[in-house]
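The next block holds one structure in the form of C-alpha coordinates; read it before the comments.
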Amino acid sequence: MLDLLTVGEPLVVFAATEDNQNLIDATNFQKHLAGAELNVAIGVSKLGFSTEYISCVGNDPFGSFIKKQLVQAKIGTSYLSTSQHIWTGFELKEKVTQGDPHTFYFRRNSAITELNPKIVEQINFKNIKILHLTGIFAALSDKTLLIAEKLIKKAHQNKVLVVFDPNLRPALWSSSQKMITTLNELAFQADIVLPGIKEGKTLSGLEKPEEVADFYLQHGSKIVVIKIGSKGSYFKSYQGKTGFVPSFKVNQVIDTVGAGDGFAAGIISGLLDQLTLKETIQRGNAIGALAVQTAGDNDNYPDKKTLTSFFNKSTI
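Sequential numbering from 1 applies to the sequence shown in the UniProt record's numbering.
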(Lines of atoms letter the chains of each structure in order from A; the text may use other names.)
(Lines give C-alpha, C1' and ligand atoms only; values in the text may rest on other atoms or scores of the structure.)
Protein backbone atom coordinates (compact mmCIF):
# COMPACT_ATOMS: atom_id res chain seq x y z
CA MET A 1 0.00 0.00 0.00
CA LEU A 2 1.39 3.41 -0.99
CA ASP A 3 1.09 6.08 1.70
CA LEU A 4 1.50 9.19 -0.46
CA LEU A 5 1.32 10.11 -4.13
CA THR A 6 2.20 13.63 -5.21
CA VAL A 7 2.99 15.40 -8.48
CA GLY A 8 5.04 18.48 -9.26
CA GLU A 9 8.07 20.10 -10.83
CA PRO A 10 11.40 19.44 -9.12
CA LEU A 11 13.90 22.28 -9.18
CA VAL A 12 17.56 22.71 -8.41
CA VAL A 13 17.94 25.80 -6.24
CA PHE A 14 21.12 27.81 -5.87
CA ALA A 15 20.86 29.56 -2.50
CA ALA A 16 23.09 32.56 -1.84
CA THR A 17 25.37 32.15 1.18
CA GLU A 18 25.96 35.88 1.84
CA ASP A 19 23.48 37.73 4.05
CA ASN A 20 21.28 40.39 2.45
CA GLN A 21 22.98 40.38 -0.95
CA ASN A 22 20.59 40.75 -3.87
CA LEU A 23 20.84 38.25 -6.69
CA ILE A 24 22.66 40.76 -8.88
CA ASP A 25 25.54 41.12 -6.42
CA ALA A 26 25.64 37.68 -4.78
CA THR A 27 28.56 35.54 -5.93
CA ASN A 28 28.52 32.46 -3.69
CA PHE A 29 25.75 29.88 -3.81
CA GLN A 30 25.00 26.39 -2.47
CA LYS A 31 23.07 23.83 -4.50
CA HIS A 32 19.93 22.28 -3.00
CA LEU A 33 16.84 20.37 -4.11
CA ALA A 34 13.52 22.22 -4.24
CA GLY A 35 9.94 22.11 -5.48
CA ALA A 36 6.90 22.39 -3.23
CA GLU A 37 5.47 18.92 -3.82
CA LEU A 38 8.91 17.31 -3.72
CA ASN A 39 9.57 19.01 -0.38
CA VAL A 40 6.40 17.38 0.95
CA ALA A 41 7.43 13.97 -0.39
CA ILE A 42 10.84 14.33 1.28
CA GLY A 43 9.25 15.32 4.59
CA VAL A 44 6.82 12.40 4.56
CA SER A 45 9.48 9.92 3.46
CA LYS A 46 11.84 11.01 6.25
CA LEU A 47 9.14 10.05 8.74
CA GLY A 48 9.10 6.50 7.41
CA PHE A 49 6.21 6.51 4.95
CA SER A 50 6.19 5.25 1.36
CA THR A 51 5.95 7.94 -1.31
CA GLU A 52 5.76 8.19 -5.10
CA TYR A 53 6.50 11.35 -7.08
CA ILE A 54 5.06 12.00 -10.54
CA SER A 55 7.25 14.31 -12.61
CA CYS A 56 9.54 14.86 -15.59
CA VAL A 57 13.16 16.07 -15.63
CA GLY A 58 15.59 16.83 -18.41
CA ASN A 59 18.44 14.63 -19.61
CA ASP A 60 20.97 16.99 -18.04
CA PRO A 61 23.13 17.34 -14.89
CA PHE A 62 20.27 18.92 -12.94
CA GLY A 63 17.94 16.07 -13.86
CA SER A 64 20.56 13.52 -12.84
CA PHE A 65 21.10 15.34 -9.53
CA ILE A 66 17.35 15.23 -8.83
CA LYS A 67 17.12 11.50 -9.63
CA LYS A 68 20.06 10.79 -7.31
CA GLN A 69 18.49 12.82 -4.51
CA LEU A 70 15.13 11.05 -4.91
CA VAL A 71 16.78 7.65 -4.54
CA GLN A 72 18.68 8.82 -1.45
CA ALA A 73 15.43 10.17 0.03
CA LYS A 74 13.70 6.81 -0.64
CA ILE A 75 11.06 8.44 -2.84
CA GLY A 76 9.58 6.23 -5.53
CA THR A 77 10.36 7.14 -9.14
CA SER A 78 8.00 4.80 -10.98
CA TYR A 79 6.27 7.82 -12.53
CA LEU A 80 9.36 9.97 -13.16
CA SER A 81 10.04 10.46 -16.86
CA THR A 82 12.98 12.08 -18.67
CA SER A 83 12.80 14.59 -21.50
CA GLN A 84 15.50 14.29 -24.15
CA HIS A 85 14.82 17.76 -25.51
CA ILE A 86 14.08 20.19 -22.66
CA TRP A 87 16.14 21.20 -19.63
CA THR A 88 15.29 20.81 -15.96
CA GLY A 89 14.12 23.99 -14.23
CA PHE A 90 16.18 25.76 -11.56
CA GLU A 91 16.07 28.86 -9.38
CA LEU A 92 18.24 31.38 -7.55
CA LYS A 93 17.42 32.39 -3.97
CA GLU A 94 18.69 35.20 -1.77
CA LYS A 95 19.75 34.82 1.85
CA VAL A 96 18.07 37.37 4.11
CA THR A 97 18.16 38.05 7.84
CA GLN A 98 14.55 39.27 7.93
CA GLY A 99 11.43 38.45 5.94
CA ASP A 100 11.11 36.15 2.94
CA PRO A 101 14.01 35.80 0.46
CA HIS A 102 13.61 36.91 -3.14
CA THR A 103 13.77 34.10 -5.68
CA PHE A 104 14.17 34.04 -9.45
CA TYR A 105 13.01 31.05 -11.47
CA PHE A 106 14.31 29.57 -14.72
CA ARG A 107 11.39 27.24 -15.35
CA ARG A 108 9.45 28.52 -18.37
CA ASN A 109 9.01 25.71 -20.91
CA SER A 110 11.04 23.38 -18.69
CA ALA A 111 11.00 19.57 -18.78
CA ILE A 112 7.78 19.34 -16.76
CA THR A 113 5.88 20.54 -19.85
CA GLU A 114 6.54 17.13 -21.42
CA LEU A 115 4.78 15.20 -18.66
CA ASN A 116 2.06 13.21 -20.43
CA PRO A 117 -1.49 13.23 -18.99
CA LYS A 118 -1.74 9.54 -19.95
CA ILE A 119 0.50 8.79 -16.97
CA VAL A 120 -2.59 9.02 -14.76
CA GLU A 121 -3.99 5.88 -16.39
CA GLN A 122 -0.88 3.93 -15.35
CA ILE A 123 -1.46 4.50 -11.63
CA ASN A 124 -3.22 1.95 -9.42
CA PHE A 125 -5.26 4.20 -7.13
CA LYS A 126 -6.68 1.24 -5.22
CA ASN A 127 -3.35 1.00 -3.37
CA ILE A 128 -2.94 4.68 -2.42
CA LYS A 129 -3.89 6.32 0.88
CA ILE A 130 -3.32 10.05 0.21
CA LEU A 131 -2.99 12.23 -2.91
CA HIS A 132 -1.26 15.58 -2.39
CA LEU A 133 -1.51 18.47 -4.87
CA THR A 134 -0.59 22.16 -4.92
CA GLY A 135 -1.66 25.15 -6.95
CA ILE A 136 1.86 25.52 -8.34
CA PHE A 137 1.64 22.39 -10.48
CA ALA A 138 -1.80 23.42 -11.73
CA ALA A 139 -0.40 26.81 -12.74
CA LEU A 140 2.45 25.57 -14.92
CA SER A 141 0.44 24.81 -18.08
CA ASP A 142 -2.92 23.66 -19.40
CA LYS A 143 -1.45 20.15 -19.52
CA THR A 144 -0.42 20.11 -15.87
CA LEU A 145 -3.82 21.46 -14.85
CA LEU A 146 -5.45 18.63 -16.79
CA ILE A 147 -3.23 16.11 -14.99
CA ALA A 148 -4.21 17.59 -11.62
CA GLU A 149 -7.91 17.35 -12.50
CA LYS A 150 -7.53 13.75 -13.69
CA LEU A 151 -5.68 12.78 -10.51
CA ILE A 152 -8.40 14.22 -8.29
CA LYS A 153 -11.12 12.45 -10.27
CA LYS A 154 -9.33 9.10 -10.01
CA ALA A 155 -8.66 9.66 -6.32
CA HIS A 156 -12.33 10.26 -5.59
CA GLN A 157 -13.36 7.22 -7.61
CA ASN A 158 -11.08 5.09 -5.42
CA LYS A 159 -11.77 6.82 -2.08
CA VAL A 160 -8.23 8.23 -1.83
CA LEU A 161 -7.93 11.20 0.55
CA VAL A 162 -7.05 14.43 -1.32
CA VAL A 163 -4.92 17.10 0.37
CA PHE A 164 -4.61 20.43 -1.47
CA ASP A 165 -2.27 23.35 -0.72
CA PRO A 166 -3.17 26.40 -2.86
CA ASN A 167 0.43 27.67 -2.78
CA LEU A 168 -0.30 30.85 -4.74
CA ARG A 169 2.20 31.92 -7.41
CA PRO A 170 0.54 34.87 -9.21
CA ALA A 171 3.45 35.19 -11.66
CA LEU A 172 2.60 31.78 -13.12
CA TRP A 173 -0.99 32.74 -13.99
CA SER A 174 -2.33 34.79 -16.90
CA SER A 175 -4.55 36.76 -14.50
CA SER A 176 -5.45 36.86 -10.83
CA GLN A 177 -9.05 35.96 -11.64
CA LYS A 178 -7.93 32.85 -13.55
CA MET A 179 -5.80 31.87 -10.56
CA ILE A 180 -8.62 32.36 -8.07
CA THR A 181 -11.25 30.55 -10.12
CA THR A 182 -9.04 27.58 -11.02
CA LEU A 183 -7.57 27.04 -7.56
CA ASN A 184 -10.94 27.30 -5.87
CA GLU A 185 -12.35 24.70 -8.26
CA LEU A 186 -9.54 22.35 -7.22
CA ALA A 187 -9.85 23.20 -3.53
CA PHE A 188 -13.60 22.52 -3.52
CA GLN A 189 -12.81 18.95 -4.65
CA ALA A 190 -10.20 18.36 -1.94
CA ASP A 191 -10.91 16.67 1.37
CA ILE A 192 -8.36 18.81 3.20
CA VAL A 193 -7.34 22.36 2.21
CA LEU A 194 -4.22 24.06 3.62
CA PRO A 195 -4.16 27.77 2.72
CA GLY A 196 -2.07 30.43 4.38
CA ILE A 197 -4.21 33.25 5.77
CA LYS A 198 -3.17 35.66 3.00
CA GLU A 199 -3.90 33.01 0.39
CA GLY A 200 -7.27 32.31 1.96
CA LYS A 201 -8.18 35.99 1.87
CA THR A 202 -7.17 36.25 -1.79
CA LEU A 203 -9.07 33.15 -2.86
CA SER A 204 -12.25 33.67 -0.83
CA GLY A 205 -12.45 37.46 -0.65
CA LEU A 206 -13.02 37.08 3.09
CA GLU A 207 -10.93 38.37 5.98
CA LYS A 208 -11.21 36.20 9.08
CA PRO A 209 -9.83 32.64 9.33
CA GLU A 210 -13.26 31.43 10.46
CA GLU A 211 -14.85 32.93 7.34
CA VAL A 212 -12.22 31.43 5.02
CA ALA A 213 -12.70 28.00 6.60
CA ASP A 214 -16.47 28.18 6.24
CA PHE A 215 -16.08 29.23 2.59
CA TYR A 216 -14.34 25.95 1.74
CA LEU A 217 -16.44 23.77 4.02
CA GLN A 218 -19.60 25.09 2.38
CA HIS A 219 -18.20 24.10 -1.02
CA GLY A 220 -17.41 20.49 -0.10
CA SER A 221 -14.09 20.36 1.75
CA LYS A 222 -14.04 18.31 4.96
CA ILE A 223 -11.21 19.96 6.88
CA VAL A 224 -9.60 23.38 6.45
CA VAL A 225 -6.34 24.26 8.21
CA ILE A 226 -5.24 27.88 7.87
CA LYS A 227 -1.61 28.79 8.50
CA ILE A 228 -1.27 32.11 10.33
CA GLY A 229 2.49 32.58 10.12
CA SER A 230 4.45 32.52 13.36
CA LYS A 231 1.25 32.62 15.43
CA GLY A 232 0.06 29.11 14.61
CA SER A 233 -2.79 27.45 12.73
CA TYR A 234 -6.59 27.70 12.83
CA PHE A 235 -8.65 24.67 11.88
CA LYS A 236 -12.27 23.75 11.30
CA SER A 237 -13.90 20.52 10.14
CA TYR A 238 -17.24 19.77 8.50
CA GLN A 239 -18.20 18.05 11.77
CA GLY A 240 -17.93 21.36 13.60
CA LYS A 241 -14.58 20.76 15.30
CA THR A 242 -12.66 24.03 15.47
CA GLY A 243 -9.70 25.51 17.27
CA PHE A 244 -6.31 27.17 17.16
CA VAL A 245 -2.95 25.43 17.55
CA PRO A 246 -0.10 27.81 18.51
CA SER A 247 3.26 27.57 16.80
CA PHE A 248 6.59 26.73 18.43
CA LYS A 249 9.12 29.35 19.42
CA VAL A 250 12.07 29.69 17.04
CA ASN A 251 15.17 31.53 18.24
CA GLN A 252 16.59 32.26 14.79
CA VAL A 253 14.77 32.23 11.46
CA ILE A 254 17.23 31.66 8.62
CA ASP A 255 14.97 30.92 5.64
CA THR A 256 11.17 30.72 5.54
CA VAL A 257 10.98 28.94 2.16
CA GLY A 258 9.91 25.34 2.66
CA ALA A 259 8.12 25.95 5.96
CA GLY A 260 4.67 25.60 4.41
CA ASP A 261 5.67 22.39 2.65
CA GLY A 262 7.08 21.07 5.92
CA PHE A 263 3.75 21.91 7.53
CA ALA A 264 1.94 19.92 4.82
CA ALA A 265 4.30 16.98 5.38
CA GLY A 266 3.43 17.12 9.07
CA ILE A 267 -0.29 17.13 8.33
CA ILE A 268 -0.04 14.21 5.91
CA SER A 269 2.17 12.12 8.19
CA GLY A 270 -0.10 12.86 11.15
CA LEU A 271 -3.08 11.61 9.18
CA LEU A 272 -1.15 8.46 8.24
CA ASP A 273 -0.25 7.94 11.89
CA GLN A 274 -3.94 8.41 12.78
CA LEU A 275 -3.22 11.24 15.22
CA THR A 276 -6.00 13.51 16.43
CA LEU A 277 -6.57 16.62 14.33
CA LYS A 278 -4.92 18.83 16.95
CA GLU A 279 -1.91 16.50 17.23
CA THR A 280 -1.65 16.40 13.45
CA ILE A 281 -1.53 20.20 13.26
CA GLN A 282 1.00 20.35 16.11
CA ARG A 283 3.24 18.09 14.04
CA GLY A 284 2.79 20.37 11.04
CA ASN A 285 3.72 23.39 13.14
CA ALA A 286 6.77 21.56 14.49
CA ILE A 287 8.16 20.63 11.08
CA GLY A 288 7.49 24.16 9.84
CA ALA A 289 9.45 25.52 12.81
CA LEU A 290 12.37 23.20 12.09
CA ALA A 291 12.32 24.11 8.39
CA VAL A 292 12.97 27.82 8.92
CA GLN A 293 16.20 27.17 10.82
CA THR A 294 18.30 26.22 7.76
CA ALA A 295 18.92 27.65 4.27
CA GLY A 296 17.72 24.66 2.22
CA ASP A 297 14.00 24.27 1.55
CA ASN A 298 13.87 20.77 3.06
CA ASP A 299 17.29 20.23 4.66
CA ASN A 300 16.00 20.38 8.24
CA TYR A 301 12.92 18.20 7.88
CA PRO A 302 13.12 15.63 10.69
CA ASP A 303 12.98 11.89 11.00
CA LYS A 304 10.78 10.53 13.80
CA LYS A 305 13.59 10.50 16.37
CA THR A 306 14.48 14.13 15.68
CA LEU A 307 10.81 15.12 15.72
CA THR A 308 10.27 13.47 19.10
CA SER A 309 13.35 15.24 20.46
CA PHE A 310 12.04 18.58 19.17
CA PHE A 311 8.71 18.08 20.92
CA ASN A 312 10.47 17.21 24.18
CA LYS A 313 12.71 20.29 24.11
CA SER A 314 10.51 22.95 22.53
CA THR A 315 8.06 25.47 23.95
CA ILE A 316 4.97 27.08 22.48
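All C-beta atoms in this analysis are idealised placements derived from N, C-alpha and C, irrespective of residue type, glycine included.
The model shown is predicted, which means the values in this text are computed figures rather than measured ones.
In DSSP terms, what residue i is bridged to
i: Ser55; result: Leu80
i: residue 349; result: Look at the range of the chain in this structure, 1 to 316, and you will see that residue 349 is not part of it.
i: Val162; result: Leu131
i: His85; result: Beta-bridge pairing links His85 to no other residue.
i: Thr315; result: BP columns for Thr315 are empty, so no partner.
i: Gly232; result: Ile228 and Pro246
i: Tyr105; result: Glu91
i: Asp29; result: For clarity, residue 29 is Phe in the given sequence; the question names Asp instead. In the DSSP output, where bridge partners are listed per residue, Phe29 has Ala16.
i: Leu11; result: Ala34
Residue from the options whose Cα sits closest to the Cα of residue i
i: Pro10; options: His32, Phe248 and Leu277; result: His32
i: Phe29; options: Ala36, Gln21, Leu38 and Thr17; result: Thr17
i: Ser269; options: Pro195, Asp303 and Asn59; result: Asp303
i: Leu151; options: Gly284, Ile130 and Val193; result: Ile130
i: Asn312; options: Arg283, Ala291 and Asp299; result: Arg283
i: residue 353; options: Asn116, Phe90 and Gly76; result: The chain is shown only over 1 to 316; residue 353 falls outside these bounds and no answer can be derived.
i: Val12; options: Thr27, Asp60, Ala26 and Gln84; result: Asp60
Three-state secondary structure (DSSP) of residue i
i: Ser110; result: coil
i: Ile128; result: strand
i: Pro246; result: strand
i: Leu133; result: strand
i: Leu277; result: helix
i: Thr306; result: helix
i: Gly270; result: helix
i: Leu4; result: strand
i: Gln189; result: coil
i: Gly196; result: strand
i: Thr182; result: helix
i: Ala34; result: strand
i: Leu146; result: helix
Distance, residue j Cα to residue i Cα
i: Ile228; j: Tyr79; result: 34 Å
i: Lys95; j: Asn39; result: 19 Å
i: Ala41; j: Thr181; result: 27 Å
i: His219; j: Asp19; result: 44 Å
i: Tyr105; j: Gly63; result: 16 Å
i: Leu275; j: Lys178; result: 36 Å
Expected contact under 8 Å - CB spacing of residue i and residue j to nearest Å
i: Thr82; j: Val120; result: So it is not a contact: roughly 18 Å between Cβ atoms.
i: Phe164; j: Ala139; result: With a Cβ gap of about 13 Å, Phe164 and Ala139 do not count as contacting.
i: Val250; j: Gln293; result: 6 Å
i: Asn285; j: Ser237; result: That pair is no contact at about 18 Å.
i: Met1; j: Asn127; result: 5 Å
i: Ala111; j: Ile147; result: 14 Å between Cβ atoms; not a contact.
heavy atom of the ligand SAH below 6 Å from residue i C-beta
i: Lys313; result: This structure simply doesn't include the ligand SAH, nor any ligand for that matter.
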